[in-house]
Amino acid sequence: MLEVKNISVEVSGRLILQGVDMHIRKGEVVVLFGPNGSGKSTLLKTIMGFEGYKVISGEILLGETRIDGLPVEERVKLGLGLMYQHPPQVRGVKLAQIAGRLNGNAGLIKEMSERLSLSSHLSRDINMGFSGGEMKRSELFQLILQDPGLLLLDEPESGVDLENISVMGKVLDGYLKEEGKSALIITHTGYILDYINARKGCVMIDGKMWCVGRPKEIFENIRERGYDKCMGCDDRAQSAR
Amino acid sequence: MTEHNRQDNLEGRDRDTIVSTGMDFSEKDRSGSFLQQDSGLMFARSLSDGLEIMEIKEALEKDPEAAGYFGANFRSTGRDFDRETEGGYFIRVKRGHTIEFPVQACLFLKQQGFRQKVHNLIVVEEGAKAYIITGCSASHSASEGMHMGISEFFVHNGAYLNFTMIHSWQESVSVKPVSIASVGEEAVFISNYVCMKPVRDITMYPTALLHGRKARTSFNSIILSHPGSLQDVGSRVALQAEETQAEIISRAVSLGGKVVARGHIKAAARNVKGHLECRGLILPEQGSIYAIPEMETDYRDVDLSHEAAIGRINKDEIEYLRCRGFSPQEAQSLIVRGFMDVGVLGLPDKLKAEIEELENGTLKAGL
């Protein structure tokens, strides 16, 4: 599905990712851990094709297609979808306008907006005055309407209360299972792991992929011993394949 | 010549221009109409009880009350005004009447080099309510023309007036409207200005005097500035009575032209509120926007604020929309349309949809 081959990425002239490898199979859910500033969001934004994230070596393949170098909207067409950690406010552009663009099925828009308690948000300017939980639900709502083959989720639970995490976790889990989707999920708190069935976890430290393993085990280790111990860990994989 | 004959004399192209300022010749959803070409009346009629609409000359001749209004707002502010005007409309909504459909008026500039100078009076009596949509525009043949329009508004106690002005000029036309509104106790005056077409220069700085307790006013302007145009557009409000409120909202998009967005709120009484908001976008590499928000107070217990932001479209917003599958051009167009959202104008749904359609047509061509 997605193959990241030995990529190094520069942002504003600074080297952020160094020789990162990653492989996500069809139907596979991968969780990405790592301390703040380790390059997790950079990896997602690079895969998505954000301006200013410069791949200086390596390549990214989606299926058979090499995507690094393609504009964002082309990658969307090929089946990539991103859930923002901090989505921007766009004055004057309504959530309904974007929803309508992402999916022509008015029935589905109605159903999903109800399930994610967003019915009254459809007529509002996107993210303007939305609470943290509302923003995340709106991001998930848009992602499900877009229906990409590979979902990139940047801290879906940050800034969200437990009740909202539960609503979102269930909707996301149902969607991933039913549709056989692939996903790459960044998490800090690990709460999302209670809802979704992820078999593979990776740790990123200082712009390098550090290790691969079972997500819950990795998360328990990090919780108990912190990332410092990770750095001394002997099990470090040569690559995250 | 009958009214119908006269309006049939309009050339197709001129008709389209007039329609682009909101004139609906079918008058299906209108309460009254007024159309003047250069200095001559084409037609004026009221279709609604409690609404009078006629040429200013006629009103001044037959109605001493109308004559009393003429120049009154200038006298009360100690300002002089040009008396060499020819034409203009008199619109009066009688006490307690709510005029359901909008009243439409258009001042059309036809002849090349013509200097159109009009004086309009708009009176909304106690407890009355009306929406007026007024267009000013120029024929394609009216190059080097000039339009000077004096408008005086009298919004009496408890009355409501929503006045929407749509300008549709030509590159070579100069425009100088001058207007003063007096707003009474618990009355509401909403003044909207929409200008989407090229013009040589527009200078306007309408003033509202809120002299009655709890009077409210909003000035909203939506401006698209084409290369070579200079639009110096502002609004000024004097909060002269307690508990009065004013809001001035300006949205300007420069396609290369220059916009000066002024706003001035003066608190001349206690417990008043005022807010200025100016947002401007510049789409090409060069274009000018000069935002000048001004506030002043003579008292401590007032609430005055302003916010202004000018520059390019935030690239994060474009990127966000691209992430949802829009091309960069589509994303820009969506943001610009949203930025110029007519939702701020406080219009009834039907009229809002009409103006939205006019705006979309122009934007589609302009972007």
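Chains as they are written, first to last, in the numbering used here: chain A, 317 to 557; chain B, 1355 to 1721.
Think of the CB as a built atom: it goes at the ideal place given N, C-alpha and C, for glycine as much as any other residue.
It should be emphasised that the depicted structure is a prediction, and the values quoted were computed from it without experimental measurement.
Using a Cβ-Cβ cutoff of less than 8 Å, which residues in the same chain neighbour residue i once the five nearest sequence positions on both sides are dropped?
i: A/Leu509; result: Val347, Thr503, Pro531, Lys532, Phe535
i: A/Gly329; result: none
Just to confirm before moving on: does the CB-CB distance between residue i and residue j stay below 7 Å?
i: B/Leu1401; j: B/Gly1425; result: no
i: A/Asp441; j: A/Gly485; result: no
i: A/Glu471; j: A/Gln401; result: yes
i: B/Lys1464; j: B/Ala1420; result: no
i: A/Gly448; j: A/Val406; result: no
i: B/Met1502; j: B/Lys1471; result: yes
i: B/Pro1456; j: B/Leu1705; result: yes
i: B/Glu1601; j: B/Lys1568; result: no
i: B/Cys1738; j: B/Leu1395; result: The structure shown has nothing for residue 1738 of chain B, since chain B only spans 1355 to 1721.
i: A/Leu469; j: A/Arg453; result: no
i: A/Ile376; j: A/Val320; result: yes
i: B/Leu1405; j: B/Ile1453; result: yes
i: B/His1521; j: B/Pro1552; result: no
i: A/Gly355; j: A/Ile332; result: yes
Taking residue i as the query, report the chain B residues whose CB atoms sit under 8 Å from its CB, ordered along the chain.
i: A/Arg417; result: Arg1678, Gly1679, Phe1680
i: A/Gln458; result: Arg1678
i: A/Glu367; result: Lys1669, Glu1673
i: A/Val392; result: Arg1676, Cys1677, Arg1678, Gly1679
i: A/Gln462; result: Arg1678, Gly1679
i: A/Met364; result: Cys1677
How should residue i be labelled, buried or exposed, when 16 other C-beta atoms within 10 angstroms of its C-beta is the threshold for buried?
i: B/Gly1442; result: buried
i: A/Met520; result: buried
i: B/Ala1663; result: exposed
i: B/Ala1482; result: buried
i: A/Arg391; result: buried
i: B/Glu1650; result: exposed
i: B/Thr1371; result: buried
i: A/Met444; result: exposed
i: A/Asp337; result: buried
i: B/Gln1391; result: buried
i: B/Asp1655; result: exposed
i: B/Gly1715; result: exposed
i: B/His1618; result: buried
i: A/Ser357; result: buried
Which residues in chain A sit within 9 Å of residue i, going by Cβ to Cβ distance?
i: B/Leu1584; result: Those within 9 Å of B/Leu1584 in chain A number zero; the least Cβ separation is about 26 Å.
i: B/Asn1511; result: Near B/Asn1511 there are no residues of chain A at all, since even the closest Cβ is about 35 Å away, more than 9 Å.
i: B/Ile1689; result: Val406, Arg407, Gly408, Val409
Between the alpha carbons of residue i and residue j, how many angstroms are there, rounded?
i: A/Ile460; j: A/Ala514; result: 18 Å
i: A/Leu567; j: A/Leu492; result: For chain A, the structure presents residues 317 to 557; residue 567 of chain A sits outside this window and is missing.
i: B/Ile1487; j: A/Pro351; result: 59 Å
i: B/Glu1479; j: B/Ile1576; result: 28 Å
i: B/Ser1545; j: B/Leu1515; result: 8 Å
i: B/Ala1592; j: B/Lys1620; result: 5 Å
i: B/Ile1504; j: B/Lys1627; result: 28 Å
i: A/Trp526; j: A/Lys497; result: 25 Å
i: A/Thr362; j: A/Val483; result: 29 Å
i: A/Gly490; j: B/Glu1710; result: 40 Å
i: B/Leu1364; j: B/Phe1462; result: 11 Å
i: A/Ile340; j: B/Cys1632; result: 48 Å
i: B/Pro1647; j: B/Asp1434; result: 25 Å
i: B/Gly1634; j: A/Ile501; result: 38 Å
i: A/Glu494; j: A/Asn419; result: 18 Å
i: B/Val1529; j: B/Leu1578; result: 15 Å
Beta-carbon within less than 7 Å of residue i's beta-carbon, same chain only, minus the 5 sequence neighbours each way: which residues are those?
i: A/Ile538; result: Phe349, Cys546
i: B/Ile1636; result: Ser1608, Ile1643, Gly1665, Arg1666
i: B/Arg1449; result: Glu1479, Glu1480, Gly1481, Ala1482
i: B/Phe1543; result: Phe1507, Val1509, Leu1515, Ala1535, Val1537, Ala1562, Thr1571
i: B/Leu1675; result: Ala1685, Leu1688
Closer than 7 Å by beta-carbon distance: list the chain B residues that pair up with residue i, in chain order.
i: A/Val388; result: Glu1673, Arg1676, Cys1677
i: A/Met451; result: Those within 7 Å of A/Met451 in chain B number zero; the least Cβ separation is about 12 Å.
i: A/Ile414; result: Arg1678
Who are the neighbours of residue i on chain A, taking C-beta pairs under 8 Å?
i: B/Asp1392; result: Within chain A, no residue comes near B/Asp1392; the closest Cβ sits about 38 Å away, beyond 8 Å.
i: B/Asp1670; result: Pro404
i: B/Ile1664; result: Within 8 Å Cβ-Cβ: nothing; B/Ile1664 doesn't reach chain A, min ~14 Å.
Using a Cβ-Cβ cut-off of 6 Å (strictly less than) and excluding sequence neighbours within five positions of residue i, which residues of its own chain qualify?
i: A/Ala415; result: Ile425, Leu461
i: B/Met1408; result: Ala1398, Phe1444
i: A/Leu398; result: Met364, Leu468
i: A/Gly506; result: Phe535
Looking at the ligand GDP, does it come within less than 6 Å of residue i, judged from the CB to the closest heavy atom?
i: B/Lys1416; result: Looking for the ligand GDP in the displayed structure turns up nothing, as the structure carries no ligands at all.
Could you list which residues in chain A have their beta carbon closer than 7 Å to that of residue i, in chain order?
i: B/Leu1699; result: Per Cβ cutoff of 7 Å: no residues; B/Leu1699 is ~13 Å from chain A at best.
i: B/Asp1695; result: Gly408
i: B/Ile1709; result: Ordered by position in chain A, no residue passes the 7 Å Cβ test against B/Ile1709, which lies about 15 Å from the chain.
Run down chain B in chain order and give the residues with a C-beta less than 9 Å from the C-beta of residue i.
i: A/Leu398; result: Cys1677
i: A/Gln334; result: By Cβ distance, chain B contributes nothing, its closest Cβ being about 25 Å from A/Gln334, past 9 Å.
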